Structures are given as structure tokens and as C-alpha cells.
Amino acid sequence: MIEYPLNPTTPRSHLPFSPCTKVGPLIFVSGQASVDDAGGIISDTFEGEMRRAVANLQKILHAAGSTLKHVVQTRNYVHDPRDLQEFNRLYRELFSAPYPARTTITSCLTEALKFEIECIAVVP
Amino acid sequence: MIEYPLNPTTPRSHLPFSPCTKVGPLIFVSGQASVDDAGGIISDTFEGEMRRAVANLQKILHAAGSTLKHVVQTRNYVHDPRDLQEFNRLYRELFSAPYPARTTITSCLTEALKFEIECIAVVP
Amino acid sequence: MIEYPLNPTTPRSHLPFSPCTKVGPLIFVSGQASVDDAGGIISDTFEGEMRRAVANLQKILHAAGSTLKHVVQTRNYVHDPRDLQEFNRLYRELFSAPYPARTTITSCLTEALKFEIECIAVVP
Chain A
1 MIEYPLNPTT
11 PRSHLPFSPC
21 TKVGPLIFVS
31 GQASVDDAGG
41 IISDTFEGEM
51 RRAVANLQKI
61 LHAAGSTLKH
71 VVQTRNYVHD
81 PRDLQEFNRL
91 YRELFSAPYP
101 ARTTITSCLT
111 EALKFEIECI
121 AVVP
Chain B
125 MIEYPLNPTT
135 PRSHLPFSPC
145 TKVGPLIFVS
155 GQASVDDAGG
165 IISDTFEGEM
175 RRAVANLQKI
185 LHAAGSTLKH
195 VVQTRNYVHD
205 PRDLQEFNRL
215 YRELFSAPYP
225 ARTTITSCLT
235 EALKFEIECI
245 AVVP
Chain C
249 MIEYPLNPTT
259 PRSHLPFSPC
269 TKVGPLIFVS
279 GQASVDDAGG
289 IISDTFEGEM
299 RRAVANLQKI
309 LHAAGSTLKH
319 VVQTRNYVHD
329 PRDLQEFNRL
339 YRELFSAPYP
349 ARTTITSCLT
359 EALKFEIECI
369 AVVP
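Chains as they are written, first to last, in the working numbering: chain A, 1 to 124; chain B, 125 to 248; chain C, 249 to 372.
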């Protein structure tokens, strides 16, 4: 009843989680950060980390038959509150109206990450 | 397949998110805080901020055809852990038994906010 | 339309939340920590707290007709980032592949808790 969509372009991780799970039309995507295809962290500017995290989210949605336009809700973790303005600027560019529901919190990532995003999406 | 319920009483925001999204019977509501109808933050006591955030949640649920009694799960962000007792006191008043599933975390909001709440609800 | 599964082995709490709620095949479980059957916090090592929290999660899933193998998504709160390695070691033991989708954040629990976990599961 739970599916575990994957394809060769989905970023891998050595940690114990699936990139996403699917139940009926709903896709639950694990928290995505600035990591390479093997799950290694790539430290970068806030913009670089957010672009890489959302690109990883996109690859996972694609493997599950969905896209950023079919995201229902995102939860965003911005490590440093001073990056919130930049976060909103990039978010407007990466997502498009009508936007998903959204929650954004701060100061709850390890020092190694500037940004993380998770979402629930649907298969169109 | 994703609906974006809105009506004239739904609080607006200049930020890139929808107040809520709806998929089948499920409503996903964005994190709600103490903001006015244009999305401007109203700093207040913890009680004032929590009452305003839950009132905003209620307006959004109403626009989507739901109510606080149809909330399935809430996620609560209490900035200062010393407000947790007050949070539980008010929560008992604002919600009613049988209560939704709930998670409450602390210390992860910007300094501008004392409280934020998001939820998943159903349309009765 | 919302069910509130409970049985005599489900841990109780004096706080205003249900252990879980159920809508169709989806179960939403409240944040679980190291508490006894009456909801009293049991302070322990990280390992002790995590094992007790996941055991509580298991009891609640069981009351709702589900199991750890039917968990779709977990959200994990590790208070001290230095416990993340131990968290992953125990997680591999307590859950099994193919793993649920997962997000893990840190530094957002009260001082009284080292670990908390919430999940969405399905009824098989």
C-alpha cells in the first residue's frame, strides 16, 4: 500500500530514510538539503544551498510522477533568520502562484546546513 | 486536483504561500501567527498572539468549509518554553475534546513571533 | 469522519491532545517522547529516551491497527545535535528498509526532553 518511488536520478543517502513515500495520490518527501547525488553535504551560500535542495526535491518529485507545481505543502527550515528575506526572494522564483501552503521555522538545523525543505505533493 | 480555498475574510499575506490548500477531504493550512488581515505582524502578549493566530486559522478553515472541530493534527511553535503552561491552558479553551493529534516544539521562531500554529483538517 | 483510536495500552497524557487521529487509511500520531503510561516524563540517556518514545509510538500505532512497518513519514526532534549519530544507529535498528520518508531537526525541544518523534502511517 506504501510505494517507494525511485529512479536513477534520485539523490541517494547512506542514512535510513527513503527519498519519498507514496500513498494513493499523496507523496511525502523527506527533508532535502544541499547534498550531492551520494548524499554528501555541499556547503555553499544560502542561495546555492537552497537551489540545490529544491533541485533535489524536484528530482524526487519527478521520480514519483509529480512536479513542483503539484506541491500541496512545504515545510522550510532556514538556519539563520537573517536569510529569511533571501529565502522568500528565491522561493518566489522557484515556486509559482498559486503557491503551496507553507510553514517556515528557523534555528533548528545542525551547523552543517543553511537550509532544508520537505513537502507533501500529489501525483497529477 | 489541488484547490486553493479563499474568501474575503481570509487573512492575506505578501509572502509566497497560500493560506491553505485542499486535496480530496484534506486541508493543509499554512503556519498562522499573530498577523492582521494584510499579513502585518501584531506583537502582543503570548495570550494575545495565540488567540489571534488561532482566530486566523479559524477564518482559513471556514473559507475551506471546515472548523476547529475538524482539525486532525496541529503543529505548534512556542518561541519561549516558559510560555508552554499558558499555551496548554489556552489550547484547552480554544480546541475541544476529543483533541487533534499534536506536536509542540520551541525556540525555532524569529524574534518577531511568540507563537505559530499549522494544521491538517478535513472537510466535514 | 475523524476517528480517535485508543486502547488500554495506549499511553495517556493530561495534556490536550489525542495519541492519534485517523482519517480514511491515514493515521496522524502526536509527538511521542520518553514518558510513562500516565504521560510523566522519564529522563534517561538518549538511547533510553529514544527507545521509550518509539515504543510509545508502536503502542499507539497498534491501537489504530497499524505497525512501524506501515509508517509513511516520520519527523524527528533530536535536542542535542551531538546525538545525531546515535539517533541514526538506533533508527536503523528500530525501523526497517524500505524506510519511511523522514525529516530530522535539532535544538527545538524543552530541556526536559532529549528526543521526540511524530509520524503519519497507514492502516494495512
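Where a beta carbon is used, it is the ideal one built from N, C-alpha and C, also for glycine. Please read these numbers as outputs of a predicted model, since none were measured by experiment.
7 Å Cβ cutoff met for residue i and residue j
{"i": "B:P222", "j": "C:S266", "result": "yes"}
{"i": "A:S30", "j": "C:A349", "result": "yes"}
{"i": "B:V178", "j": "B:L218", "result": "yes"}
{"i": "B:R136", "j": "B:G164", "result": "no"}
Straight-line Cα distance separating residue j from residue i
{"i": "C:L254", "j": "C:Q280", "result": "15 Å"}
{"i": "B:I246", "j": "B:T145", "result": "Position check: residue 246 of chain B holds Val in this sequence, whereas Ile was assumed. The alpha-carbon atoms of B:V246 and B:T145 are separated by roughly 11 Å."}
{"i": "B:I229", "j": "B:E242", "result": "12 Å"}
{"i": "C:H318", "j": "A:I2", "result": "7 Å"}
{"i": "C:L274", "j": "C:I368", "result": "7 Å"}
{"i": "B:L214", "j": "A:G65", "result": "43 Å"}
{"i": "B:R216", "j": "A:K59", "result": "42 Å"}
{"i": "C:H310", "j": "C:Y325", "result": "22 Å"}
{"i": "A:L113", "j": "C:P256", "result": "42 Å"}
{"i": "B:T198", "j": "B:T227", "result": "7 Å"}
{"i": "A:T67", "j": "A:E116", "result": "18 Å"}
{"i": "C:V320", "j": "A:Y4", "result": "10 Å"}
{"i": "B:S231", "j": "A:S107", "result": "8 Å"}
{"i": "B:M174", "j": "B:F152", "result": "19 Å"}
{"i": "C:E359", "j": "A:P124", "result": "43 Å"}
{"i": "B:V159", "j": "A:N88", "result": "18 Å"}
{"i": "B:T169", "j": "B:R176", "result": "11 Å"}
{"i": "B:D161", "j": "A:H14", "result": "45 Å"}
{"i": "A:N56", "j": "A:G48", "result": "12 Å"}
{"i": "A:V23", "j": "C:G272", "result": "12 Å"}
{"i": "C:T258", "j": "A:S96", "result": "43 Å"}
Residue span of the beta strand (DSSP E) that contains residue i, given as start and end
{"i": "B:F239", "result": "239-246"}
{"i": "B:R216", "result": "Segment 208-218 is the alpha helix (DSSP H) holding B:R216; no beta strand (DSSP E) there."}
Paired residues, beta bridge with residue i - DSSP
{"i": "C:K376", "result": "Nothing can be reported for residue 376 of chain C: it is not among the residues displayed for chain C, which extend from 249 to 372."}
{"i": "A:Q32", "result": "A:I117"}
{"i": "A:T106", "result": "A:V78"}
{"i": "A:A101", "result": "A:Q73"}
{"i": "C:L263", "result": "Partner(s): none; C:L263 has no beta bridge."}
{"i": "A:E3", "result": "A:K22"}
{"i": "A:I41", "result": "A:V35"}
Where the alpha helix (DSSP H) through residue i begins and ends
{"i": "A:N76", "result": "Note, A:N76: premise wrong, no alpha helix (DSSP H); beta strand (DSSP E) at 71-78."}
Near the ligand PLP: residue i beta-carbon under 6 Å from a heavy atom
{"i": "B:E240", "result": "Ligands displayed in this structure: none; no statement on the ligand PLP is therefore possible."}
Inset, instruction - Count the C-beta pairs between the stretch 77-97 of chain A and the stretch 192-209 of chain B that are closer than 8 Å, then say yes if the count reaches three, no if not. - result: No: the two stretches stay apart, fewer than three of their Cβ pairs being nearer than 8 Å.
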